[in-house]
Amino acid sequence: MVRLQLSQQQLSPAEFRAALMRVPFTARDTWLDLVFELDGIPDDGPELPRGCVPYLPCPVDVLCRLVEHARIEPSDVVVDVGAGPGRAAAVLHLMTGAAVVALEIQPALVDATRALAARLHVDRLAVIEGDAAELTGRMHLGSVFFLYCPFSGERLERVLTDLEAIARTREIRVCCVDLPLPPVPWLELASPAANDLAVYRSVTPRASPGTAQSLR
Ligand SMILES: C[S@@+](CC[C@H](N)C(=O)[O-])C[C@H]1O[C@@H](n2cnc3c(N)ncnc32)[C@H](O)[C@@H]1O
0 MVRLQLSQQQ
10 LSPAEFRAAL
20 MRVPFTARDT
30 WLDLVFELDG
40 IPDDGPELPR
50 GCVPYLPCPV
60 DVLCRLVEHA
70 RIEPSDVVVD
80 VGAGPGRAAA
90 VLHLMTGAAV
100 VALEIQPALV
110 DATRALAARL
120 HVDRLAVIEG
130 DAAELTGRMH
140 LGSVFFLYCP
150 FSGERLERVL
160 TDLEAIARTR
170 EIRVCCVDLP
180 LPPVPWLELA
190 SPAANDLAVY
200 RSVTPRASPG
210 TAQSLR
């Protein structure tokens, strides 16, 4: 029924959420895979660089808490940094109406995301192929950034540097699953402490003393 309604674009975000909430808590991931026609976890390809994290789907329960704590609205643009086959990206769109940009380095998963968006008749889900740490120009579209542990180290630092530049221009939210962030003064926690999920909101970054002096 839900699949039919999606194919006819007849399901509002509130209706999709209600349908999901009617499913028993422990069966929601299986239900979603049935609705999305996703059969198991796709294999990772040789394009995944060393040190980058393979595909694993984010549990629906975590995505529901993320939507709540990040207060995602239809006017938001969510960037899924390392999107896999688009499962989380599609859920976030269907639950909120927000546009979603999926960044993914593995071409087969990029194709899978495009196929999923077509199956679900979702047109506010764009996919960009490449290394997210090098797609920094594309980040500027976003207001909410979702990172389910795609990488850490230098790549994460590069992404955070880019997000800080965006946070100087407007408030953003950064949602991390199983990804401890190095302390950054321009993010404050917006969700209750939890082991798996941390939702941050940006606070206006202050110019460092060095920057202030160089401007005088
Ligand atoms: C743990 S999975 C998360 C998938 C999806 N966001 C979700 O929550 O279901 C991490 C994903 O990040 C992708 N990834 C890893 N390194 C990447 C990089 N440098 N640039 C873009 N995507 C990357 C992997 O291919 C994988 O699909």
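Be aware that the sequence shown starts at 0, since it is given in numbering that gives the first Met the number 0, and climbs by one per residue. Here a beta-carbon is modelled for each residue, glycine too, at the ideal position from N, C-alpha and C. Since we're looking at a predicted model, the values are computed, not measured.
Burial state of residue i, where buried means 16 or more other Cβ atoms lie within 10 Å
{"i": "A211", "result": "Residue placement at A211 is flagged as unreliable, the pLDDT there being 41, under the threshold of 50; the coordinate-derived value follows with that caveat. Exposed, by the Cβ-count rule."}
{"i": "F150", "result": "buried"}
{"i": "L65", "result": "buried"}
{"i": "L214", "result": "For L214, the pLDDT reaches just 39, beneath the cut-off of 50, and the residue's location in the model is therefore unreliable, although a value from the coordinates is still provided. Exposed."}
{"i": "G141", "result": "buried"}
{"i": "T95", "result": "buried"}
{"i": "A13", "result": "exposed"}
{"i": "L3", "result": "exposed"}
{"i": "E187", "result": "exposed"}
{"i": "T112", "result": "buried"}
{"i": "T203", "result": "exposed"}
{"i": "F35", "result": "buried"}
{"i": "F15", "result": "buried"}
Distance cut-off 8 Å: residue i Cβ against heavy atoms of ligand 1
{"i": "Q105", "result": "yes"}
{"i": "Y147", "result": "yes"}
{"i": "R154", "result": "yes"}
{"i": "F150", "result": "yes"}
{"i": "G129", "result": "yes"}
{"i": "G136", "result": "no"}
{"i": "G83", "result": "yes"}
{"i": "R86", "result": "yes"}
{"i": "V176", "result": "yes"}
{"i": "V76", "result": "no"}
{"i": "P53", "result": "yes"}
{"i": "L108", "result": "yes"}
{"i": "V59", "result": "no"}
{"i": "L47", "result": "yes"}
{"i": "L124", "result": "no"}
{"i": "V202", "result": "no"}
{"i": "P56", "result": "yes"}
{"i": "L31", "result": "no"}
{"i": "D43", "result": "yes"}
{"i": "L19", "result": "no"}
{"i": "A116", "result": "no"}
{"i": "D79", "result": "yes"}
Span of the beta strand (DSSP E), counted from its first residue to its last, around residue i
{"i": "E103", "result": "A98 to E103"}
{"i": "F145", "result": "V143 to Y147"}
{"i": "E187", "result": "L186 to L188"}
{"i": "A197", "result": "L196 to S201"}
{"i": "C175", "result": "R172 to V176"}
For residue i, the first and last residue of its enclosing alpha helix (DSSP H)
{"i": "I216", "result": "With the chain covering 0 to 215 only, the question about residue 216 has no answer from this structure."}
{"i": "R137", "result": "T135 to M138"}
{"i": "L3", "result": "V1 to S6"}
Test item: CB-CB of residue i and residue j under 9 Å
{"i": "G81", "j": "E103", "result": "yes"}
{"i": "P84", "j": "P53", "result": "no"}
{"i": "A87", "j": "L62", "result": "yes"}
{"i": "C174", "j": "V143", "result": "yes"}
{"i": "E128", "j": "P106", "result": "yes"}
{"i": "R172", "j": "S201", "result": "yes"}
**Study point:** beta strand (DSSP E) runs wholly inside the region 54-127, at least 3 long, in chain order
**Key:** 76-80 and 98-103
Check your understanding: Which ranges does the alpha helix (DSSP H) cover as unbroken runs of at least 4 residues, wholly within the region 13-47, from first to last along the chain?
Key -> 27-35
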